[in-house]
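Working notes for the structure below.
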Amino acid sequence: MESSDLSDISTTLMGAHHVAISGHINPDGDCLGSVLALASALRICGIRADMLLADDGLPELYAFMPGYRGFRPASAYDGHPDLFVALDTPTPKRLGCSFPVMQRTPVTITIDHHPDMQDYADHSYCDVTAGAVGMMVWDLIELMGVTPTPAIATACFTALITDTGRFQYQNTTVSAFEHAARMQAAGAVPSQISREVYQNRSISCVELEARAIANIHFGDQGRLVYSWVTEQDFVQTGATRDDAESLPDILRSLRGVEVALLMREEGGTIRASMRAKGARDVGAVARALGGGGHAAAAGFTFVGTVDEAIERVVPMLFVGATADADTTAANRFVGATPTQLFAAINSKDTLDVPAPPDTPADPAIPSAPSPAATTPVCPRQVPTTSPASDRNVEQS
Ligand code: AMP
Ligand code: MN
Ligand code: MN
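Note that my numbering has the sequence shown beginning at 1, numbered continuously upward.
Following this line, the structure appears as structure tokens:
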């Protein structure tokens, strides 16, 4: 691998005849928008550009981006490009079915912003300060001498708005806003893109959200929230896999929460998404579990059940925890109702949470551990009978 700058990469691209471009598995707005934008720019330069999907799924959510139907599954791709570009994809594993295409391509490039990017290409460019790879692709397109079209601007703006969480996350820099302004000036319409991405939800998606909210549990004195959705939840609500993408942020949005964990059952494994606000680094936890990502947004795949994932992962998310930490002290709030937690957080007292009195004992669901408990296990919260209004206790 050679650490290249964007102008080297621009020169390499402009010398190519046939380029294949791919993002990562479970594609998101950043990788899809970045691939679309770069492919458009290359075609403007008369260079053939094939857009590959690392796995077979193409989220309908982003279908408004011009040229979207041009993506094709890498698993069925038999082309022989002379250049391969991986965007927003830090490891070969995340390239899924596109990796064999990369392996048979003579020259390879990666452009990424993940802190855990590996050296797996001939030319690599990584800027961890970039809010989205879509910003880097925007700069690259300018270096290629291409005037961005409205389609390119729309794709890059979609990448930027999704990876910065609508300009809310810590990666929302001055440069992110400057790029956004340039994209809008080139024809991206923020209100239309926001409407497509954020105001376009199916009722099934909202029903899935209700399931995730019903499963909300807290730990670590209310600083940690975790929840899950099961295969059955998807079947019963009619929600798609993509409909679960908004769930982690809903968990993180809760007052007092610093770390959120959302687990979804997917064919015998758990796909887990973590989100942090403040200084917590969930990327490190994800890497310890074989996954990856950023400090504030990361994920991993867990082989096992939801209960097993909770037992393994939740203790790792407590303040001060390490992979093998004894989290007994922090464990005392597991099993608290939201009302009890908010009251305790406000009073800054410690709280001994008893099992709710009217909940029948269920040997399958262990009750909340007492402060004296010695095991760092975080069982599910015993279901409570709190009315929904109890969940919205105001802090004074
Ligand atoms: P997600 O929770 O799927 O929105 O992903 C958040 C961040 O974590 C993205 O940067 C992903 O690339 C990364 N990520 C998610 N799942 C994994 C995984 N299984 N392995 C490595 N990185 C992951
Ligand atoms: Mn991505
Ligand atoms: Mn990204």
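By construction, the Cβ of each residue, glycine as well, lies at the ideal position given by its N, Cα and C atoms.
Handout entry: Helix, strand or coil at I161 [DSSP, three-state]
Key = helix
Handout entry: Inter-stretch contact at 8 Å, needing at least 3 Cβ pairs: the region 184 to 203 / the region 147 to 157
Key = yes
Exercise for the section: Within 10 angstroms of the Cβ of E209, are there 16 or more other Cβ atoms? Answer buried if so, exposed if not. Expected result: buried
Exercise for the section: May I ask whether a heavy atom of ligand 3 can be found less than 7 Å away from the beta carbon of H113? Expected result: yes
Exercise for the section: Name the residue from D249, E258 and V257 whose alpha carbon lies nearest to the alpha carbon of S273. Expected result: D249
Practice task
Quick one: give me the first and last residue of the beta strand (DSSP E) that C126 is part of.
Solution key: H123 to C126
Problem - As assigned by DSSP and simplified to three states, the class of H18 - result: H18 falls in the strand class under three-state DSSP.
Practice task
Please classify L95: does DSSP put it in a helix, a strand, or coil?
Solution key: helix
Handout entry: Cβ-based burial, E258 [other Cβ within 10 Å; buried from 16]
Key = buried
Problem - Whole-angstrom C-beta distance between L95 and S4, which should lie under 8 Å - result: In fact, because the Cβ distance is near 19 Å, the residues do not count as touching under 8 Å.
Exercise for the section: Verify the contact flag: C156, CB atom, against every heavy atom of ligand 2, threshold strictly below 7 Å. Expected result: no
Handout entry: Same chain, Cβ closer than 6 Å to A224, neighbours up to 5 away in sequence not counted
Key = In the sequence as presented, Ala is not what sits at residue 224; that position holds Leu. These residues qualify, in order along the chain: V259 and L317.
Problem - Check your reading: residues with Cβ closer than 7 Å to ligand 2 heavy atoms - result: G23, H24, D28, D30, C31, D88 and D163
Practice task
Measure how close the beta-carbons of A49 and L42 come, nearest whole angstrom, since I'm counting them as under 8 Å.
Solution key: 4 Å
Exercise for the section: Can you check the region 264 to 319 for any alpha helix (DSSP H) of at least 4 residues that lies completely inside it and give the ranges in chain order? Expected result: 282 to 288 and 306 to 313
Problem - Alpha-carbon spacing of A39 relative to T129, whole angstroms - result: 24 Å
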